[in-house]
Amino acid sequence: NIDEDKAMGVLIAHNPQAGAPLGNTFSIQAALLYTTSSGVRRIRVHTLCLPITTSPLLLYQSVDVRTTWNLLVKMAIDRLLQTSLESARSFLMDALVHVLQNFLNFLTQDQRSANQLLLPDSLLTLPVVINALLKNPTLRNDADTPPDERCAYIARAMTVGTANTLQFFHPRLYNLGRTLEMKSPAICIPSQNQLDPASVYLVDNSFHLAVWVGRRAAPELLQALFGTQTLKEIEGFAPENPMNSPVIKLVEELQQCKHGLGNLPVIIILQGSSQEKPFVLVNLTEDEAPNSMSYSNFLCHLHRRIQAAH
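So in the UniProt record's numbering, the last spot in the sequence shown is 310, and the numbers never skip.
Given below as C-alpha cells:
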C-alpha cells in the first residue's frame, strides 16, 4: 500500500552518449499507476524541474540529507536481501567515505591540510544516522537480534517516509521530569550518560514510544506521571491532570504526527528489568554497542578511512 507516510527510492542515471543537457534546468517525470481503496484506477504524474550546475560545492550545499539518507537505507536493505548483512553494512560505510572523500577534492589546500574531519553543512547529520543504523535491528550484526524483530524493522525501513527516516534510526530522547519542570519538551542526547536514575525518559523512534523509569524516581514524579508511587504498579500514563499535562500533550503530539501509522505502542521499561538491555541497544544510538562503535569513536574511524583513501 502507498500512502503519505511511505517513500519509494528510484535510481536515475544520465546517459553521457546523449550529450550534455541543454539550458539551465533538467526535467524528470515519473508516473504512478495505482488503484484507490474504492477500486478506481488512477495515474499520478510527478514532474521535477531541477537546476543544473557545474559547481560541485554548490551541489554538495544543495543536498537534501533526508532524501539521501532514505535512499541509502533502501539501497543497503536491498544489499542485505540480495547478498549478506555484512555486505549491507560495508556498503553504507563505503558510500559515506566516498561522499566525504570526494568533497575534500573540491576544497582548498589549506582546508584539506587541517587535520580534522570536514563535512558539508548539508550532510552534518549523515555520519550520525549511519552509525545509528549499524546499531538498529535492521542491520545490527548481533546474534541476539530475533529474526522476527529484524524482519519487522526491515519492512518498516523499506517504506518509511522521508519525514520519519532520521527519527526511526536516530530516536529522540526526552527527559520527562525536566519536561514537567520546564512546561515544554526537554530533548537529550540519546546516550546512557543522560539517563538519571532519579528521573523518567521517553524515547520516540516513530515505531514505538519507550518509557524508561529510573529506580530512584521520586514518588511525587511517579504519582504525577503514572498515578502511582510504586514502580511495580506502573501500567501506563495517568489521565491528563494539571501536574502531568506537559507530558501528556507531548505524547499526544508524537502520536498524532505519525498519521497512517496509528497510535504508537507505549512500552514501560523499568531500570534493571529484562527489557532494559534491548531498549539501550536499539535506542541509545550515541553509545557503544556489540559490534558497533560509539559515535565519537565512529567519527575517528571515519576520519582515518578518509585519510587513508585520499
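Beta carbons: idealized from backbone N, C-alpha and C, even for Gly.
This structure is a prediction, so every number in the text was calculated from the model and none was measured.
For residue 54, three-class secondary structure by DSSP: coil
Burial state of residue 224 (16 or more Cβ within 10 Å): buried
If I'm right that residue 283 touches residue 217 with Cβ under 8 Å, what's the distance once you round it to whole angstroms? In fact, because the Cβ distance is near 19 Å, the residues do not count as touching under 8 Å.
For residue 108, which option in 57, 125 and 306 has the closest C-alpha, if you only look at C-alpha atoms? 57
Does DSSP put residue 30 in a helix, in a strand, or in coil? strand
What's the call for residue 124, buried or exposed, on a 16-neighbour Cβ count within 10 Å? exposed
Could you tell me how far apart the beta carbons of residue 120 and residue 103 are, in whole angstroms, since I believe they sit closer than 8 Å? 6 Å
Cα separation between residue 196 and residue 48? 48 Å
Count Cβ pairs between the region 143–163 and the region 173–187 that sit closer than 8 Å; are there 3 or more? no
Is residue 129 near residue 170, with beta carbons less than 7 Å apart? yes
Enclosing beta strand (DSSP E) for residue 302 [first to last residue]: Taken as a continuous stretch (DSSP letters only), residue 302 belongs to no beta strand (DSSP E), being part of the alpha helix (DSSP H) at 295–309.
Compute the beta-carbon to beta-carbon distance between residue 268 and residue 236, rounded to the nearest angstrom, for a pair I have assumed lies under 8 Å. 7 Å
Starting from residue 241 and walking both ways along the beta strand (DSSP E), at which residues does that stretch end? Segment: none, residue 241 is in no beta strand (DSSP E) and carries neither H nor E.
How many angstroms separate the CA atom of residue 8 from the CA atom of residue 249? 32 Å
Endpoints, alpha helix (DSSP H) assigned at residue 224: 219–226
Member of 106, 252 and 95 whose CA lies at the smallest distance from the CA of residue 55: 106
Between residue 147 and residue 77, what straight-line distance do the alpha-carbon atoms span, to the nearest angstrom? 15 Å
Reduced DSSP category for residue 210 - H, G, I as helix; E, B as strand; rest coil: strand
Option in 276, 245 and 28 with minimal Cα separation from residue 213: 276
Assumed close pair residue 101, residue 309 - CB separation to whole angstroms, cut-off 8 Å: 5 Å
Does DSSP classify residue 5 as helix, strand or coil? coil
Return yes when the Cβ of residue 185 is within less than 7 Å of the Cβ of residue 286, no when it is not. no
I'd like the list of long-range same chain contacts for residue 272, defined as Cβ closer than 8 Å, with 5 residues on each side in sequence excluded. 215
Does the distance from the C-beta atom of residue 5 to that of residue 161 stay below 7 Å? yes
Cross-strand partners of residue 270 (DSSP beta bridge): 213
In terms of DSSP beta bridges, what is residue 160 paired with? 6
Using DSSP with H/G/I as helix, E/B as strand and the rest coil, what is residue 193? helix
Exposure label - residue 21; buried when at least 16 CB within 10 Å: exposed
Starting from the C-beta of residue 61, find all residues in its chain whose C-beta is less than 8 Å away, skip the five residues before and the five after it, and write them out in chain order. 120, 121 and 122
Counting only the same chain and skipping the five closest in sequence on each side, list residues whose C-beta sits under 8 Å from that of residue 31. 43, 44, 45 and 46
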